[in-house]
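These notes concern the structure reproduced below.
Protein chains: 2
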Amino acid sequence: MSGDDLTLVPIGHVESPLTEAGEAPKQGFEGGPDAWLVFEPGMREALDGLQPGARVIVLTWLDRADRGVLRVHPRDDASNPMRGVFTTRSADRPNPIGLHEVEVLAVEGTRVRVSDLEALDGTPVLDIKPVLD
Amino acid sequence: MSGDDLTLVPIGHVESPLTEAGEAPKQGFEGGPDAWLVFEPGMREALDGLQPGARVIVLTWLDRADRGVLRVHPRDDASNPMRGVFTTRSADRPNPIGLHEVEVLAVEGTRVRVSDLEALDGTPVLDIKPVLD
Numbered sequence: 001m002s003g004d005d006l007t008l009v010p011i012g013h014v015e016s017p018l019t020e021a022g023e024a025p026k027q028g029f030e031g032g033p034d035a036w037l038v039f040e041p042g043m044r045e046a047l048d049g050l051q052p053g054a055r056v057i058v059l060t061w062l063d064r065a066d067r068g069v070l071r072v073h074p075r076d077d078a079s080n081p082m083r084g085v086f087t088t089r090s091a092d093r094p095n096p097i098g099l100h101e102v103e104v105l106a107v108e109g110t111r112v113r114v115s116d117l118e119a120l121d122g123t124p125v126l127d128i129k130p131v132l133d
Numbered sequence: 001m002s003g004d005d006l007t008l009v010p011i012g013h014v015e016s017p018l019t020e021a022g023e024a025p026k027q028g029f030e031g032g033p034d035a036w037l038v039f040e041p042g043m044r045e046a047l048d049g050l051q052p053g054a055r056v057i058v059l060t061w062l063d064r065a066d067r068g069v070l071r072v073h074p075r076d077d078a079s080n081p082m083r084g085v086f087t088t089r090s091a092d093r094p095n096p097i098g099l100h101e102v103e104v105l106a107v108e109g110t111r112v113r114v115s116d117l118e119a120l121d122g123t124p125v126l127d128i129k130p131v132l133d
């Protein structure tokens, strides 16, 4: 598959106690539970060298988002004036890709335990990258 | 379109003097040229409120990447031991989404000027989000 095809492949999914959108904190820095990233068996090589303690950015596909939304009240608070979604972290946006900065707690084969992940159970995982300081 | 469909919509593209992969710095912090993000006309509302001076993360689709690569020599240097792509910022990876932290320099309708963007001319833009401190 070349990069010309703009179709994402889910390389894994989130296993988390968070199951309802209302429970998820608005941002990771407000705290989220520890969770597992469960990668497809074919992704084992791509995880080679990942170590506990690493700070990484997890990219997820926010599959419950509304992709037709272009303006929102920030933080779902009607008293905040409407703004373009590109000035907010709203999940509702044309390409609902979530960015989550977390710490790797454990690596067990293709299962990766991470801290403070504000993503719902079952959310597709797209990528994981090291944080650049 | 719901979030169940994992097909990305290009909402714009990069206009940059960088046209050859060999010219692009490996990471934004090594410096990149200022560039334009040229959004589709339908995205105007989603940009509402974006201001010069804002620090944002631009998400791009690295359309020249090889999506079948799972391990690389970091920084294309054969003397670096092979590692899984998820421990590197290699463009070659299953879902080649680029993350670029930049500053907004100007907003002219649906054209947004940003600093230090290490993406090639013509690269599809997927999203723009505020940096969280």
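Protein sequence lines, in the order shown, are assigned to chains A and B. All residue numbers for the first sequence refer to the working numbering, where the first residue is 1 and numbers rise by one. All residue numbers for the second sequence refer to the working numbering, where the first residue is 1 and numbers rise by one. The beta-carbon is built from N, C-alpha and C at its ideal position, and this holds for glycine as well.
Worksheet item: the stretch 50 to 76 of chain A: which residues have C-beta closer than 9 Å to a C-beta of chain B, in chain order?
Response: Per Cβ criterion, the list reads Leu50, Gln51, Ala54, Val56, Ile57, Leu59, Trp61, Leu62, Asp63, Arg64, Ala65, Asp66, Arg67, Gly68, Val69, Leu70 and Arg71.
Item to complete: Compute the distance between the beta-carbons of Asn35 (chain B) and Ala65 (chain B), then report whether it is under 7 Å.
Response: One detail in the question is off: residue 35 (chain B) reads as Ala in this sequence, not Asn. No, the pair does not count as a contact, with Cβ atoms beyond the cut-off.
Practice prompt. Could you tell me which chain A residues have their CB closer than 7 Å to the CB of Asp7 (chain B), listed as they occur along the chain?
Written response: It is worth fixing the name first, because residue 7 (chain B) is Thr in this sequence and not Asp. Neighbours of Thr7 (chain B) in chain A, taken as residues whose beta carbon is under 7 Å from its own, are Leu6 and Thr7 in chain order.
Worksheet item: Can you check whether the CB of Ser115 (chain A) is closer than 7 Å to the CB of Val131 (chain A)?
Response: No, they are not a contact pair.
Discussion item. By the DSSP assignment, the beta strand (DSSP E) with His13 (chain A) in it spans what residues?
Written reply: First-last of the beta strand (DSSP E) with His13 (chain A): Gly12 to Glu15.
Worksheet item: For the stretch 121 to 128 of chain A against the stretch 9 to 20 of chain B, are there 3 or more C-beta pairs whose distance is under 8 Å?
Response: No: the two stretches stay apart, fewer than three of their Cβ pairs being nearer than 8 Å.
Worksheet item: Considering Leu126 (chain A), what are the terminal residues of the beta strand (DSSP E) in which it resides?
Response: Secondary structure note for Leu126 (chain A): its beta strand (DSSP E) is the uninterrupted segment Pro124 to Pro130.
Worksheet item: For Ile128 (chain A) and chain B, any beta-carbon pair shorter than 7 Å?
Response: Residue-level contact by beta carbon holds for Ile128 (chain A) and chain B, with a gap shorter than 7 Å.
Practice prompt. Starting from the Cα of Leu117 (chain A), find the closest Cα among A:Gly42, A:Leu59 and A:Asp5 and give me that residue.
Written response: The residue with the shortest Cα to Cα distance from Leu117 (chain A) is A:Leu59.
Discussion item. In the DSSP output, which residue or residues are listed as bridge partners for Ala106 (chain B)?
Written reply: Secondary-structure assignment with DSSP links Ala106 (chain B) through a beta bridge to B:Arg113.
Worksheet item: Enumerated in chain order, which unbroken segments of the beta strand (DSSP E) with a length of 3 residues or greater are wholly contained in the stretch 29 to 102 of chain A?
Response: For the stretch 29 to 102 of chain A, whole beta strand (DSSP E) runs of length 3 or above, ordered along the chain, are 35 to 39 and 55 to 61.
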